[in-house]
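Notes follow the structure.
In the UniProt record's numbering, the protein residues as written are 1 to 327.
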């Protein structure tokens, strides 16, 4: 077993530099050492634990499963050592803490921006560094906490479910009215199908699953694919096609009549939004605060569209940010 008195600190520092940048060149430049020296340190660490941490591929470097597990622990450990040393060096004057948060683009646009504004209003002394990338799952970058779009899965991360996605076809109100009281197949086959990119799946993944699940006859391998649901919904709202949209995510537009809903059919695809963090961060007061703050804003909220409902949702009074009808 590895004892702390034998911890290979130089090798860990080398792995941190390369793993965060996924580049030996950039990692070597950050530490002012040669690439060959950096490579030797990483190789020695891999030999010590008996597992590869990085895969050297023609298109670049990627973290292995072991590397992805080790990197956030190493990075946060060095961050905390650096923070305390700087506090001691500055005679105990604590530097402002920066909370590094990740959110998917559509979530950030729809809910994250007002949520972060409210959080900063309550905790103005906490600086927030926000990142947003496409794709599902945990991004491979240095983070304190992330809201991710993914399926439930077993992992080392702490994943708190915010809500599970349930989708229905939406389009412009005019298009929905034109096909009112007609079979859904007619609308879908006469319209542009709008798709959302899902990592590792064909472009028409969601539409194919929806049609199969609901026994709808439709050729789904056609149309336009977008990186985000928000872009696809904007395109559909202007009368240019039909998209499967999360009912809870776009409840405001549905309730206000800005989006037409031509069918009562729904589809639960197994994807949801999760608040994710590393287990070792549970004892970090700031991360624990943000985790609790987010969860209370999603707990106990009625997710039905808000049309005809003026009452306050269940849960803590004021737990829903202003303007949120369904989360």
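Glycine included, every Cβ here is placed at the ideal spot set by N, Cα and C.
Within the stretch 149-213, complete alpha helix (DSSP H) segments of at least 4 residues are found at 173-178, 184-190, given in chain order. From the listed residues 58, 61, 52, the smallest Cα separation to residue 70 is found for 52.
Here residue 5 is not bridged, per DSSP, to any residue. When the beta-carbon positions are compared, residue 245 and residue 167 come within less than 8 Å of each other.
Nearest to residue 172 by alpha-carbon distance, out of 271, 235, 231, is 235. At a Cβ-Cβ threshold of 8 Å, residue 115 and residue 258 do not count as neighbours.
Residue pairing of residue 102 in beta bridges, as defined by DSSP: 131, 146. Nearest Cα to residue 77 within the set 3, 294, 284, 290: 284. The C-alpha of residue 107 lies about 9 Å from the C-alpha of residue 147.
Residue 273: member of the beta strand (DSSP E) spanning 272-277, first to last residue. Contact between the stretch 203-217 and the stretch 226-233 is absent, with fewer than three C-beta pairs closer than 8 Å.
Nearest Cα to residue 32 within the set 46, 43, 13, 49: 13.
Going by C-alpha positions, residue 127 is about 52 Å away from residue 183. Residue environment analysis places residue 48 among the exposed positions, since fewer than 16 neighbouring C-beta atoms fall within 10 angstroms of its C-beta.
Distances from the CA of residue 22 to each of 119, 150, 67, 152 were compared; the closest alpha carbon is that of 67. By the criterion of a C-beta distance shorter than 8 Å, residue 185 is surrounded in its chain by 216, 217, 218, once the five residues flanking it on both sides are discounted. In the structure shown, residue 235 falls within a helical segment according to DSSP collapsed to helix, strand and coil.
Your pair residue 195 and residue 223 checks out as a contact, with CB atoms roughly 6 Å apart and the cut at 8 Å. Straight-line measurement puts the Cα of residue 241 at about 29 Å from the Cα of residue 274. When only Cα atoms are considered, residue 278 and residue 197 end up about 27 Å apart. Residue pairing from DSSP places residue 245 in a beta bridge opposite 168. Cα atoms of residue 299 and residue 112: separation of roughly 16 Å, rounded to the nearest angstrom.
The straight-line gap separating the alpha-carbon atoms of residue 55 and residue 45 is approximately 14 Å. It is roughly 18 Å from the alpha-carbon of residue 175 to the alpha-carbon of residue 247. By the Cβ neighbour-count rule, residue 253 is buried, with 16 or more other Cβ atoms within 10 Å of its own. Per DSSP, the beta bridge partners of residue 63 are 54. Taking residue 170 as reference, the option from 29, 151, 251 with the minimal CA-CA separation is 251. Residue burial annotation: residue 75 is buried, with at least 16 other C-beta atoms found within 10 angstroms of its C-beta.
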